[in-house]
Amino acid sequence: MTTRHDWTTTPITPGILRGALDLEHTERGALPHRLPARARLQIPDDQLAMAESQPSGVRLAFRTRATAVELDVVATKRVYSGTPPRPDGVYELLVDGHLAARASAPDGDTLTIDLASMTTETRPGPVETLRFTGLPDTEKDVEIWLPHDETTRLVALRTDAPLQSPRPSGRPVWLHHGSSISHGSNATTPTGTWPALAAAFGEAELINLGFGGSALLDPFTARAMRDTPADLISVKIGINVVNADLMRLRAFVPAVHGFLDTIREGHPTAPLLVVSPICCPIHETTPGPSALDYSAMGEGRPGFLATGDPAEVAAGKLTLTVIRDELARLVGQRAATDPHLHYLDGLGLYGGSDHAELPLPDDLHPDPAAHRRIAERFARLAFGDGGPFSTRSR
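The numbering of the sequence shown is the numbering used here, which starts it at 175 and goes up by one.
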């Protein structure tokens, strides 16, 4: 027996979208962006363009009595030549903050990436319909978290009862910037990335500007953070600067100062937390750049190597150890005139003993269990009593 529904179609608008800084309307649906249009015009590479369009932390949010929800999407499937297929992105539906259902779009556009030649090819695919049924027939808050690592165009939203914009949560808005670890690499669900988990533990509304491969102190990212309303702000700096071999110590220090200066232009007194890198043995004392570990790929698993020369650290090349020391010194210096600026050593989130227990599967990114551990510790150190994000501190 087929259940009939009288569907209400609701336009996809910023009013029912959280965690995005822009919504681009295209011929194939609404595309959430995590950087505004002005910043996107200044993006210098395809890596960041891809990362910012992947909706980590972005969710549809509304209030309704609906028992059934349909969402039409066009997902972009990434295929890396010579590597195993990636799992489909996961959509998670939450009712009053609790996970109620998961779904995936098995087909969509296909983006094939050849890492050897650094070329890409895109093949258009179909619209897929995600169906969530059996929801409680009561007035409730619904969120649909989009896949953290799969670009998604939102084509249509249908419900079997009208919906309203969500009520204000009363929770502080936490604006976070970081690398692929903050983006959610190796997490398996959008609510399982460490920032999403930490936001849930800390009862905060997350805006996640974690960009895979692209936490590089870009001025346009700092300006986007400056212009985004937020109550709590954190920046996790280091691993991408090292593994991209982007700059030397002489450039790194003033770049961090400039990044923080820009954020402070829009948020002069908000708690601002600078977080140094978590443990990553390949880059603790060895500079970048990182490179693919083809021997690991030959075994059917991803892996990375550090290819820099430790002897060049004396000449200004960066390692994670150097960056932690510099960030601690820099924040200490600035805190003398900025009492709302704080430092968190990333080794307190995931250190050497954690790596021994929960090693990085590809030598760069934590697995789901490590994401949870990082989140629990961040919640305790940042949101807990005495932390820079605690109610008492604010």
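Every residue gets a Cβ at the ideal spot worked out from N, C-alpha and C, and that includes glycine.
Closest in alpha carbon position to H516, among V427, A389, L501, is L501. In the three-state reduction of the DSSP assignment, Q216 falls in the coil class. Taking a 10 Å sphere around the C-beta of E295, we find fewer than 16 other C-beta atoms and assign the residue as exposed. If you ignore the 5 residues before and after S353, its C-beta comes within less than 6 Å of the C-beta of A389, I413, N414, all in its own chain and listed in chain order. Here the alpha carbons of Y265 and G231 stand approximately 11 Å from one another. In chain order, D323, T325 place their CB closer than 6 Å to the CB of Q228, counting only its own chain and leaving out the 5 sequence neighbours on each side. Per the C-alpha coordinates, the member of R192, F478, M292 positioned closest to Y468 is F478. Counting the other Cβ atoms within 10 Å of the Cβ of E317 gives 16 or more, which makes it buried. Assigned with DSSP and collapsed to three states, S356 falls in helix. One alpha carbon belongs to T565, the other to T443, and they sit about 15 Å apart. Under DSSP, the beta-bridge partners assigned to Q338 are R237. Taking 7 Å as the cut-off, the beta carbon of R202 is found closer than this to the beta carbon of R327. With fewer than 16 neighbouring CB atoms inside 10 Å of its own CB, G271 falls in the exposed class. Annotated three-state conformation of V264 is coil, per DSSP. Within the same chain, and ignoring the five residues on either side of A509 in sequence, the residues whose Cβ sits closer than 6 Å to its Cβ are L515. Comparing alpha carbon positions, the residue from A543, I548, F552 closest to T362 is A543.
In the three-state DSSP reduction, D281 falls in the coil class, being neither helix nor strand.
As DSSP reads the structure, G384 sits in a beta bridge with G352. Taking 7 Å as the cut-off, the Cβ atoms of T511 and P484 do not count as close. For the pair R208 and L371, the CB atoms are not nearer than the 7 Å cut-off. T250 and W181 have their C-alpha atoms some 27 Å from each other.
For P393, the uninterrupted alpha helix (DSSP H) segment begins and ends at 393 to 400.
The Cβ-Cβ distance between G560 and V449 does not fall below 7 Å. Distance from the Cα of P298 is smallest, within the candidate group L492, G282, E531, P310, for G282.
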